[in-house]
Structure formats: C-alpha cells, structure tokens
DNA sequence: TTAGTTTTCGTGTTCGCACACGCAAATATA
DNA sequence: TATATTTGCGTGTGCGAACACGAAAACTAA
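The structure is reproduced here in structure tokens:
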C-alpha cells in the first residue's frame, strides 16, 4: 500500500508538496510537479479514500433525482434501493447521497425537485432526464456552477453528461423479438401494445419497438407486425375492451409484445383464455410482472436491472469525483432474460439488501 | 455525530474506558461499564467505521483457494478477477486477500495449496471444495483453529461452511432443457455430451443433466434423451470422430447439450455442416464460448456469473467478519441466459474492472 | 548589496478510533 | 503495617490524508 509519505520520500519532497500536486492546489514548481507526477504514475498511487474521508469530514454531496413510485407502478423502487445500497456503503467514506423525487408525468414537479436539489449544494447530480426541454435549462444551470451530472436510465444525446447508465433499448427490443419468435414461430402476426404518450415521450420505448420489428425484418421472417396505441395503460374496462376487440378482429396474432413495464396490468385485466392462447413478452421485473411470469401468463420478461442502475450510477459517479475516472460515456447494463424458472434468482443483490435493510 | 470522546466526557471516564466497553476488552468495573453502556444506548452511538478502519490497519487476512486457469480453459479467470475487484475495494479498510491456486485435477495440489494458505494465518478461507474426502480433512483443521470457511461455486452438503455462493445447478440445467426445446421443438432426440470423469467428480454437472432431463419429463415432452461420455473433452481427432459417428448413428438428434464449460472445444472441432444442422446449448461465458455464440454456432449459453461469484463471496465473508452477519446459507446467483445479441452486455462489471485494472 | 516580494515547500495539527503502556487505587499476603 | 499482587483506568501514539501556517529560497527592485 503506497502512501503519500512514500511518494514524498521517493521524490525527496515533503508530504505537503505531494498533496499539492495531487489536488492541483498550485504553488509547486513545474520541475518538482513533474517529478512527483512521474512517481505517482509509476507507483500507481491512489489516495486512501478512508483516510481522506476522515480528514475531509463529509465533503461530497450527491443529489439523485428520480421519479417517485407507487405500489401499482413499482418500477422506480428498484433504482431507489440500488442508490440506497450504494449510499450505505459510501457514507463510510464521507459521501452523502441526497434523494429527490418527482412525478414522472409532471414537468413542473421535475423542475421543482431539481431546484430543491441544487439547494443542497451537490458536487454532482445523478438524474433521469425525463423531459428534454426542461433538462436543457437544468443542465445550463449546472454547467454554470460546474456541477457534474450523469443520466440514469433514460438516454438523451446532445448534453455534456459525464455518462449514461442504463440499457441499450434497441437491442433489448431486438431480443424481445427473438424470444417472441421462439415461443410462437408459427404466428401470422405479432401485436405491440403501447400507451399513447409513449409515442412521443420516453424514447426508450420507441427504440425497443424498432428493435423488436427489426428482428423480423433482418431475419426475413414474414409476419405482420401490428401496433395498438392505448390512451392510458391502466386497468380499466375500456382498456380491456379495446384490446379484446382488437384481438378478435386480428385472429392471426400469436403473441403480444409490451415494450413498457405494464405487461401485468394488461395480462391481469384480460380474459384468462385469451391470455393463455397467446405468448406474452414484456419488460421489467416489477413484482407484478414477476408474478405473471411465475403463474405462466407471461413467457419472457426483459429486465433492465433497475437496482443495478441505481447502484452503479452512484458508484461510477463517486469514482469520478474521487479519482477523476470515468470508464465510458455509455455504460450499458446487461439485458437480462427472465423466465418462470430463473426469475427467483434474479436480483439477489436487491433481495439481500432489502432483507438486511429492513432491520 | 457522537464520538467516543463525547461518550467519555458524558460518563466522566476516559476514552480508553469507553473503548474497552465497546470492544468487551475487559478490565472495567461493573459499575462504570453499566454507566458507559447506558450512555451508549441513550446516545445511539455507533463507531465511525472510517476511523475504525483507518486505525485497525490490516486486521483480517482472507485466503482464497481456487483452481488455476489456462487460456484454453479460462473459466476460473473470472472468479479470480471478481475476487481481485473485491480485494481492491477492501484493501483500504484493512482487509487483505491472499490467493492460492491449485490444479483442479490433482488432489495433492489441492491439499498442498490449502496447507500453504493456512500459513498466512487467515481469519477465514473461501474455497472451491473440489474433492470431498480431502475437504473433510481441511475442514477439520479449520474448525480446530476456528477459522470460518465458505464454499465457492461447488456446493457440498454436510459441512459447517458459513455459506455457499454459486448457482443452482439443477434449475440451470432445467432452463437449458427449456431453451433447447424452444430452439428445436421438432427434434426426436437430444444428446448430452459429458466427460467421463464428470460422472463421479463435479456433481454440478450431474445436477445440470438431471435438470435438463427433468424439463422434458415434467412437461411430458416425448423425446429421446441420449448421453455420450467422452474420455476427455480436449480437442483431439479421437473426440471429433467419436461424436461424429455417434451423430450419424443417431440421426434423430436435433440438439446437443454440453453441461460443462467445454462446448466451444466440441463445436470448434466438428464439421461446420454438422454443427449448423443442430442446436447447441452449453454453459459458461468463457471467451471461446462467447465467440461461438457470436458466430452463431451455439444458440444459448447459461452463465453462472463467475465474476460475481468471486466478488460476492469475498464481500459476504467480509460482512460476516466485520458485522457477524450472514444473509443465507445458500446464496444462489442469477441464472444468466446468454444469446448472440446480449452477450456483449454480459459481465460489464468484469470488463470495466479489467479495463481499469490493466493500467 | 539590501530590503521587499513572490514563489516554493516543510511542519504541525486535526479527523475518530484502536491499542499498548504504565500508573494508581484496591485488594491480598506476610 | 509493610509489601506484593491484582484490578481499573488514564495517557500517548499511530493510522493516512487535508490543510493552515509560516519559513526558506528565489527573484525583483532600489
């Protein structure tokens, strides 16, 4: 374990000098700075975060902005837990994570929650860039105050975010296509169900659909790819009727693809016979969706590892703040294929953490 | 933030005394101990783990015993890297991981490497219990010296290991069966190829085979399940011929299941036509196997997340040593389904770590 | 050359805790 | 009562890094 003291001795300078070059504090001649830097490189030195934290006394605040979650739509609970886990691990090294939530359908609450987060004077912000126009304003503010920021889950280009942590939606959709075709190879048609606002809003969903369709196109598979847009993917009789009648009209449909996290809402509100006569492929390991996998109504789920998204984004940001290292600008987490059989082993990290944290 | 110093002042004793009651070091009168304890309770004091770690400086050695790896059989490289990552993270809180390797086919080297590991006076040992009889002796020795131990990757019952970290082999095999049937539903037969010594030795492989077969049995799928035992799964013309002639004799075979990590060895040594006329399902994300996925010769791989096995086992053991907490006795990691399309996003943790660590 | 500046760097203290050392009071032994 | 032994507890140092303070060295200007 190399210490500052060791570097200092090696370079024939004092610890204070090494400290100065380490933190770009200035006041060091070019010559000695070069000398110290060379030794720092060659010894592969990195500061001991423990000792550093002790001496600094909680210097870094990181603000995390994510949509709030409800029981009915628990998707965002997992990233929250992942952030919490990272935060538990890191409070030991003087990193303080502050959470802010917003309503994912309300631009105003998005902005407000951001403004509140800035009041905590964060050194960095991790957030889900839900609304593009509003994000532009926020980013401008942060760049003025030289606050680093990282995009979580939703990828938007054209910003100087340190990185994006999430999934490659296109490929995930492509794999959904493959899985769909595997379960129902003889189908004449596949149906994609999305909510109306997902057409413009969250472009992850559009990318998944593009990927899904491209699986069939690029493999020259002749099937009809149908698309049904529902006003709102909530369990209402209206939704149920719309889907039901669509399916009777299009008898050739062998499987349904739901590119959002709402597959359980749909499956649970439909007639059991209808459900079991089709193959269902959807996204995200929410409790409700996993239940559908287990009881056999859904064939495959693709998980974007939301817990890990939360956890990793914090770890990656901290690594950047502490060591000024960023692995890549796009950090794509695995595309997890879940089935009835392996779903119980999915996300054990989250389960272990929840269990531990309850106490 | 309450400090030991604060407690001491409050109780009218010195910091040393508080320290003694905190660590049950003895040498404190009942009266003062009670007084201090009361204040500890009421202030909800907990020691600052940063400062504690700094002051303790290398109190725990953990020995890790794993098979060595070669380019041709790189499976064990990933757990090594996972251990290394954990070890990097933990070295600055005074945890020292020492690695020992052995030849997985040589009992003698297994024992020897264990004996060497004991010389480092570890507080705990994480190891792969390759040979049962030898493991019994080792365990006895550790229990005499009250060293905690944890099984990695290979699960053996009847020991007082703190936990097992690995995969549920039976279920993994069952899923392999499902995937096989999905890709080749019209097959009359499926073939399982294993090496002769895997019949007795590594029971993970037997469990995978049982799971594989049970998928067809419990779903009443009528196929013939064939089994071919090869002396040694190394790329030789003898192996190639044995398999080739077996396949010509059994023309109904629609897919081949390789329950070990050697699927690439087989696929690469066979005639290309033969390979592409069959569906191949295998285990483990070794570089060679992943290459076969990418070039299309293999349809599915199941990964047991070897990197995570190494990483998590260390983290879990450290949590136990530091906080005396063990989540469960069997810690089953996810059963990862890999395809051509998602394999590149597999194990990004390992990739990021390798990239970082090269420098 | 000398006084005044500025640049460059060494020293010392602090963070909260762990643990060794050793002194004093309490108790035991003669 | 004097001496030996045990028990209870205070003090001091170190862990590795951050940062303030001020001294020495290098320059500048007179």
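Chains as they are written, first to last, in the numbering used here: chain A, 589 to 947; chain B, 589 to 947.
Where is the CB? At the ideal position from N, CA and C, for every residue including glycine.
For residue i, which residues in the same chain have their Cβ closer than 7 Å to its Cβ, ignoring the five residues on either side in sequence?
i	result
residue 701 of chain A	653, 688, 689 and 690
residue 681 of chain B	641
residue 721 of chain B	none
residue 857 of chain B	823, 827 and 828
residue 772 of chain A	842, 843 and 867
residue 620 of chain A	601 and 605
residue 749 of chain B	737, 738 and 739
residue 698 of chain B	690, 718, 719 and 722
Under 8 Å between the Cβ atoms of residue i and residue j?
i	j	result
residue 667 of chain B	residue 840 of chain B	no
residue 757 of chain B	residue 792 of chain B	yes
residue 843 of chain B	residue 799 of chain B	no
residue 916 of chain A	residue 753 of chain A	no
residue 831 of chain A	residue 854 of chain A	yes
residue 581 of chain A	residue 872 of chain A	Since the first and last residues shown for chain A are 589 and 947, residue 581 of chain A lies out of range.
residue 679 of chain B	residue 589 of chain A	yes
residue 838 of chain B	residue 814 of chain B	yes
residue 599 of chain B	residue 623 of chain B	yes
residue 936 of chain B	residue 717 of chain A	no
Between residue i and residue j, what straight-line distance do the alpha-carbon atoms span, to the nearest angstrom?
i	j	result
residue 740 of chain A	residue 764 of chain A	22 Å
residue 816 of chain B	residue 946 of chain B	41 Å
residue 780 of chain B	residue 660 of chain B	22 Å
residue 852 of chain A	residue 695 of chain A	27 Å
residue 596 of chain A	residue 613 of chain A	16 Å
residue 608 of chain A	residue 911 of chain A	15 Å
residue 794 of chain B	residue 943 of chain A	32 Å
residue 644 of chain B	residue 784 of chain A	59 Å
residue 938 of chain B	residue 670 of chain A	19 Å
residue 864 of chain A	residue 766 of chain B	18 Å
residue 674 of chain A	residue 904 of chain A	10 Å
residue 835 of chain B	residue 770 of chain B	21 Å
residue 924 of chain A	residue 890 of chain A	5 Å
residue 774 of chain B	residue 846 of chain B	20 Å
residue 692 of chain B	residue 733 of chain B	26 Å
residue 860 of chain A	residue 884 of chain A	11 Å
residue 592 of chain A	residue 633 of chain A	8 Å
residue 715 of chain A	residue 893 of chain B	29 Å
residue 603 of chain B	residue 594 of chain B	9 Å
residue 725 of chain B	residue 705 of chain B	14 Å
Give the single residue among the options whose Cα lies nearest to the Cα of residue i.
i	options	result
residue 728 of chain B	B:742, B:743, B:708 and B:703	B:703
residue 711 of chain A	A:717, A:736, A:692 and A:718	A:736
residue 742 of chain A	A:655, A:672 and A:890	A:655
residue 918 of chain A	A:755, A:604 and A:621	A:755
residue 745 of chain A	A:759, A:734 and A:723	A:723
residue 635 of chain A	A:611, A:935 and A:705	A:611
residue 738 of chain B	B:650, B:777 and B:778	B:650
residue 731 of chain A	A:902, A:774, A:713 and A:885	A:713
residue 888 of chain B	B:860, B:896, B:902 and B:931	B:931
residue 672 of chain A	A:599, A:883, A:895 and A:709	A:895
residue 777 of chain B	B:592, B:810 and B:759	B:810
residue 818 of chain A	A:782, A:718, A:861 and A:807	A:782
residue 940 of chain A	B:825, B:928 and B:920	B:920
residue 929 of chain A	B:726, B:759, B:808 and B:594	B:759
residue 708 of chain A	A:768, A:685, A:699 and A:594	A:685
residue 902 of chain A	A:751, A:808 and A:825	A:751
Cutting at 6 Å between CB atoms, please list the residues of its own chain near residue i, excluding the five before and the five after it.
i	result
residue 676 of chain A	none
residue 876 of chain B	852
residue 913 of chain A	907
residue 648 of chain B	683, 711 and 909
residue 747 of chain A	727
So, at 8 Å on beta carbons, what are the nonlocal neighbours of residue i in its own chain, with the 5 sequence-adjacent residues on each side left out?
i	result
residue 618 of chain B	none
residue 886 of chain B	851, 852, 855, 868, 869, 870, 877 and 880
residue 657 of chain B	663, 664, 665 and 668
residue 926 of chain B	873, 878, 881, 888, 889, 890, 891 and 934
residue 615 of chain A	608
Checklist entry - Touch check for the stretch 626-635 of chain A and the stretch 661-679 of chain A: three-plus C-beta pairs under 8 Å? => result no
Checklist entry - Given 8 Å as the limit, is there contact between the stretch 802-815 of chain A and the stretch 866-875 of chain A, that is, 3 or more CB pairs closer than that? => result no
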